[in-house]
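**Student:** Input: one structure, supplied below.
2 protein chains.
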Amino acid sequence: MAIIEATLVPVQEGVAPLRPRSLPDQAADAIVQAVASGAIRPGERVVEQKLAAALGISRVPVREGLRVLAAQGLVTVTPHRGCRVAEFDEQGLRQLKDVRVALERLAARGASAAYRTNPQATRPLHDVVGQMAALVERGDRFAMSRLDLQFHRALWTVAGNDMLLRLWEAISRHILVIFGLETETERDFAGIYRQHAHLLAVVEAGELAALDEEIEGHIKQLRHMYADQDSQKTR
Amino acid sequence: MAIIEATLVPVQEGVAPLRPRSLPDQAADAIVQAVASGAIRPGERVVEQKLAAALGISRVPVREGLRVLAAQGLVTVTPHRGCRVAEFDEQGLRQLKDVRVALERLAARGASAAYRTNPQATRPLHDVVGQMAALVERGDRFAMSRLDLQFHRALWTVAGNDMLLRLWEAISRHILVIFGLETETERDFAGIYRQHAHLLAVVEAGELAALDEEIEGHIKQLRHMYADQDSQKTR
DNA sequence: GAAAGTATAATTGTATACATTATGGCAATT
DNA sequence: AATTGCCATAATGTATACAATTATACTTTC
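Listed in order, the protein sequences are those of chains A and B. In this text, residue positions in the first sequence follow numbering that gives the first Met the number 0: the first is 0, and each later residue adds one. In this text, residue positions in the second sequence follow numbering that gives the first Met the number 0: the first is 0, and each later residue adds one.
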């Protein structure tokens, strides 16, 4: 059987399959980044041609990127009337938080189970927490936000649920934007590090009730930070 | 202020804004339908040009539809190597079920809260259940599956969480495919009707613990039905 | 003077054409 | 005999061109 034969072929270890990032992907990231950095404001109209020109590419990959973003809820697209960046009002944030809590619990439980099966499974999480610790001194806000997302992405990955991870792709983009839009209030870097370290410990402990509570508390902060800016909005 | 003036303009009530379904959307639906009906098998390679030809359109809208399906996890796309329909193995089904339970709980709680605020909120759910009742006699398997999905879509809509509803769009497509692929074992139509009616009653009752349990039981059936076929798979 | 009609510009939607990349077969080389 | 290099083919990725739709400004009409 050819299949069996194929599995016997020695596969080079230690090399990850490289995959070139396509223009649509890059375009989607660029748009999200633009929103997160404030270059494009929530609710603002987005014109394909202008985006394409700014990115130095044609409209086609831009459109594909926008379609994906629409599926993930970061832009709304009305037929023949174009795209508009989603608004991130207080209600939307609460909804996002609810969804995230529900799924993050699942992820944490999955990661917890994976750890019980194989204590090495949470290695990536420790790595991220380690990087966080190194960042506490020099307070790089952007880098810390990235590590925050990276930690949770790792958590959802360790859980080993493909569908879950796919939903995280959408959710994390929302969070990325929210992190970007959040007020400049200095975040408590030591606190962020401590929180994630603690969450990781609880995951490895595997007490379900404690896990649920930890997750709930961990995510609540999100809404907090953003609330100030939102109340400033006149409209 | 122009804004205030605008809000005073009487808006015609009772008419839904009509939006033409775009070719990419139709293409995506067509592909999902083709998988659900068995015309395209899970894991099978999908060539854009052939799809376009079959649908009588060009490749561009097909590509956009495929990108959305990829974001929703129904196809996997490898750069320069094309698309492949996802496989729905037992593990994937379990993962899907876990995610669905977690989110469906959230939806049910939201719907329950909406009902407490306004008893009219669950009206659409009663409608669907009514249609189910009418279908019990003449056992139209396809129609019943549609009502099943329609019920849950209504549930998630009533919950009033946009993000949640967006995720449902992805999940429901998976379920649609699974329903289609499921073995021809006659489903218990009366049972399906009864289950949904009961779920609705529990939602309106609003007992959280009972709700969680009900959801869990309600969704477990999914894996069940498919398990047989999956075990037949040789590979 | 407000509503409806009309022409024009801007933008999106789709199709076609071209460029790039992967795949499979076959010869050449070691 | 196995690996490498090369070529032909097929499919994807991207750009450009055109068609269809919407928005805007202006005119017309009652």
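Note that the Cβ used here is the ideal one computed from N, Cα and C, for glycine as well. Please read all numbers here as calculations on a predicted model, not as lab measurements.
Name the DSSP beta bridge partners of glycine 81 of chain A, please?
**Tutor:** Within the first sequence, the letter at position 82 stands for residue 81 of chain A. DSSP, once it has assigned bridges, lists A:Thr77 as partnering glycine 81 of chain A.
**Student:** Return no unless some Cβ of chain A is closer than 8 Å to the Cβ of serine 21 of chain B.
**Tutor:** Locating residue 21 of chain B in the second sequence gives position 22, where the first residue counts as 1. Taking Cβ atoms only, chain A reaches closer than 8 Å to serine 21 of chain B, which makes this a yes.
**Student:** DSSP three-state label for valine 45 of chain B, please.
**Tutor:** The sequence position of residue 45 of chain B within the second sequence is 46, counting from 1. Residue state, collapsed to three classes: strand.
**Student:** Which of the residues in the segment 94-107 of chain B, read from start to end, lie with their CB under 8 Å from any CB of chain A?
**Tutor:** Answer in chain order: Gln94, Leu95, Asp97, Val98, Ala101, Leu102, Arg104 and Leu105.
**Student:** Taking a contact to mean a Cβ-Cβ separation below 8 Å, would you say proline 78 of chain B touches serine 21 of chain A in this structure?
**Tutor:** Reading the second sequence from its first residue, position 79 is the one you call residue 78 of chain B. Reading the first sequence from its first residue, position 22 is the one you call residue 21 of chain A. Cβ atoms of proline 78 of chain B and serine 21 of chain A: closer than 8 Å.
**Student:** Have a look at B:Ser36, B:Ala38, B:Glu43 and B:Leu54 and flag the residue whose alpha-carbon is nearest the alpha-carbon of alanine 26 of chain B.
**Tutor:** The residue you call residue 26 of chain B lines up with position 27 of the second sequence. The shortest C-alpha separation from alanine 26 of chain B is found at B:Leu54.
**Student:** Can you name the start and end residues of the alpha helix (DSSP H) that glycine 179 of chain A belongs to?
**Tutor:** The residue you call residue 179 of chain A lines up with position 180 of the first sequence. Here the alpha helix (DSSP H) through glycine 179 of chain A covers 161-180.
**Student:** Nearest chain A C-beta to alanine 117 of chain B closer than 8 Å, yes or no?
**Tutor:** Stepping through the second sequence from its first residue, residue 117 of chain B is reached at position 118. A small correction: the amino acid at residue 117 of chain B is asparagine; alanine does not occupy that position in the sequence shown. Not an interface residue.
**Student:** Is there at least one Cβ from chain A nearer than 8 Å to alanine 1 of chain B's Cβ?
**Tutor:** Walking along the second sequence from the start, residue 1 of chain B turns up at place 2. Note that alanine 1 of chain B scores a pLDDT of 39, beneath 50, so its modelled location is shaky; the value from the coordinates is reported in the next line. So no, alanine 1 of chain B is outside the interface.
**Student:** By Cβ distance below 8 Å, which residues in the same chain neighbour tryptophan 167 of chain A in space, the five residues on each side in sequence not counted?
**Tutor:** Position 168 of the first sequence holds residue 167 of chain A. Only Leu102, Ala106, His151, Arg152 and Trp155 meet the Cβ criterion.
**Student:** Beta-carbon within less than 7 Å of alanine 320 of chain B's beta-carbon, same chain only, minus the 5 sequence neighbours each way: which residues are those?
**Tutor:** The question about residue 320 of chain B has no answer here: the residues shown for chain B are numbered 0 through 234.
**Student:** So with Cβ pairs under 8 Å, would you call glutamine 231 of chain A a contact of chain B?
**Tutor:** Reading the first sequence from its first residue, position 232 is the one you call residue 231 of chain A. Its pLDDT being 41, under 50, glutamine 231 of chain A is placed unreliably in this model, and the coordinates cannot settle the point.
**Student:** Taking valine 67 of chain A as the reference, give the member of A:Ala158, A:Arg104 and A:Arg172 with the closest Cα.
**Tutor:** Mapped onto the first sequence, residue 67 of chain A falls at position 68. Nearest of A:Ala158, A:Arg104 and A:Arg172 to valine 67 of chain A, Cα basis: A:Arg172.
**Student:** Compare the C-beta of proline 78 of chain B against all C-beta atoms of chain A and say whether one is closer than 8 Å.
**Tutor:** As a first step, residue 78 of chain B must be located in the second sequence, where it is residue number 79. Yes, proline 78 of chain B lies at the interface with chain A (some Cβ there is under 8 Å from its Cβ).
**Student:** On the criterion of 16 or more Cβ atoms from any shown chain inside 10 Å, does glutamate 215 of chain B qualify as buried, or is it exposed?
**Tutor:** Start at 1 with the first residue of the second sequence, and residue 215 of chain B comes out as number 216. Under this definition glutamate 215 of chain B is an exposed residue.
**Student:** Quick one, which residues of the segment 148-164 of chain B are near chain A if we go by CB-CB under 7 Å, in chain order?
**Tutor:** When CB distances to chain A are screened at a threshold of 7 Å, the residues of the segment 148-164 of chain B falling below it are Asn160, Asp161, Met162 and Leu163, in chain order.
**Student:** How about the segment 80-99 of chain B and the segment 34-44 of chain B: do they share at least three Cβ pairs that are nearer than 8 Å?
**Tutor:** These segments touch.
**Student:** Assess, as a yes-or-no matter, whether the segment 134-152 of chain A is touched by the segment 186-196 of chain A under the definition of 3 or more beta carbon pairs within less than 8 Å.
**Tutor:** yes
**Student:** Curious, which full-length alpha helix (DSSP H) runs of at least 4 residues does the segment 71-140 of chain A contain?
**Tutor:** The qualifying runs are 89-116 and 122-134.
**Student:** Mind listing which residues of the segment 61-75 of chain A have their C-beta closer than 7 Å to chain B's C-betas, in chain order?
**Tutor:** Arg62, Glu63, Arg66, Val67, Ala70, Gln71 and Gly72
**Student:** Output the distance between the C-alpha atoms of glycine 81 of chain B and leucine 65 of chain B, rounded to the nearest integer angstrom.
**Tutor:** The residue given as residue 81 of chain B occupies position 82 in the second sequence. The residue given as residue 65 of chain B occupies position 66 in the second sequence. Going from the Cα of glycine 81 of chain B to the Cα of leucine 65 of chain B covers about 10 Å.
**Student:** Select from B:Val100, B:Val157, B:Gly129 and B:Glu63 the residue whose C-alpha is nearest the C-alpha of alanine 120 of chain B.
**Tutor:** The residue you call residue 120 of chain B lines up with position 121 of the second sequence. Ranking the options by Cα distance to alanine 120 of chain B, first place goes to B:Val157.
**Student:** Is aspartate 227 of chain B close to chain A, meaning its C-beta is less than 8 Å from at least one C-beta of that chain?
**Tutor:** Walking along the second sequence from the start, residue 227 of chain B turns up at place 228. For aspartate 227 of chain B, the predicted model reports a pLDDT of 44, less than 50, meaning its position is unreliable and no value from the coordinates is stated.
**Student:** Do you know offhand how far valine 45 of chain A's Cα is from alanine 69 of chain B's?
**Tutor:** Counting from one through the first sequence, the residue named residue 45 of chain A turns up at place 46. Counting from one through the second sequence, the residue named residue 69 of chain B turns up at place 70. In a straight line, the C-alpha of valine 45 of chain A is about 23 Å away from that of alanine 69 of chain B.
**Student:** Taking the straight line between their C-alpha atoms, what separation do you get for alanine 196 of chain A and proline 23 of chain A?
**Tutor:** Here residue 196 of chain A corresponds to residue number 197 of the first sequence, with the count starting at 1. Here residue 23 of chain A corresponds to residue number 24 of the first sequence, with the count starting at 1. Taking the straight line joining both Cα atoms gives about 36 Å.
**Student:** On the criterion of 16 or more Cβ atoms from any shown chain inside 10 Å, does arginine 99 of chain B qualify as buried, or is it exposed?
**Tutor:** As a working note, residue 99 of chain B is residue 100 in the second sequence. The residue in question, arginine 99 of chain B, is buried, as its Cβ has 16 or more Cβ neighbours within 10 Å.
**Student:** Which same chain residues end up closer than 7 Å to histidine 217 of chain A when comparing Cβ atoms and leaving out the 5 residues on each side of it in sequence?
**Tutor:** Locating residue 217 of chain A in the first sequence gives position 218, counting from the first residue. Only Gln194 and Leu198 meet the Cβ criterion.
**Student:** Output yes if chain B places a C-beta closer than 8 Å to the C-beta of valine 59 of chain A; else output no.
**Tutor:** The residue labelled residue 59 of chain A in the question sits at position 60 within the first sequence. For valine 59 of chain A, the answer is yes, since a Cβ of chain B falls inside 8 Å of its Cβ.
**Student:** What residue does the alpha helix (DSSP H) around glutamate 203 of chain A start on, and which one ends it?
**Tutor:** Position 204 of the first sequence, counted from the first residue, corresponds to residue 203 of chain A. According to the DSSP assignment, glutamate 203 of chain A belongs to the alpha helix (DSSP H) that extends over 188-204.
**Student:** Going along chain A in order, which residues have a C-beta closer than 8 Å to the C-beta of glycine 42 of chain B?
**Tutor:** Here residue 42 of chain B is taken as the residue at index 43 of the second sequence, counted from 1. By Cβ distance, chain A contributes nothing, its closest Cβ being about 13 Å from glycine 42 of chain B, past 8 Å.
**Student:** Which chain A residues are close to leucine 166 of chain B, counting only those with a beta carbon under 8 Å from its beta carbon?
**Tutor:** Taking the second sequence and counting its residues from 1, one reaches residue 166 of chain B at position 167. Those are Val98, Leu166 and Ala169, listed as they occur along chain A.
**Student:** Taking only beta-carbon positions, decide if glycine 91 of chain A is within less than 8 Å of chain B.
**Tutor:** Reading the first sequence from its first residue, position 92 is the one you call residue 91 of chain A. Yes, its Cβ sits closer than 8 Å to a Cβ of chain B.
**Student:** Identify whether arginine 58 of chain B lies in helix, strand or coil by the three-state DSSP scheme.
**Tutor:** Position 59 of the second sequence, counted from the first residue, corresponds to residue 58 of chain B. Note: arginine 58 of chain B maps to helix in three-state DSSP.
**Student:** Run through DSSP, which three-state label would proline 19 of chain B get?
**Tutor:** Locating residue 19 of chain B in the second sequence gives position 20, counting from the first residue. Note: proline 19 of chain B maps to coil in three-state DSSP.
**Student:** Just the Cα atoms here: how many angstroms apart are proline 118 of chain B and arginine 165 of chain B?
**Tutor:** Within the second sequence, numbered from 1, the residue matching residue 118 of chain B stands at position 119. Within the second sequence, numbered from 1, the residue matching residue 165 of chain B stands at position 166. If you take the alpha carbons of proline 118 of chain B and arginine 165 of chain B, they lie about 24 Å apart.
**Student:** Quick one: what's got a C-beta closer than 6 Å to glutamate 213 of chain B's C-beta in the same chain, skipping five residues either side?
**Tutor:** Your numbering for residue 213 of chain B matches position 214 in the second sequence. Hits under 6 Å: Leu198 and Val201.
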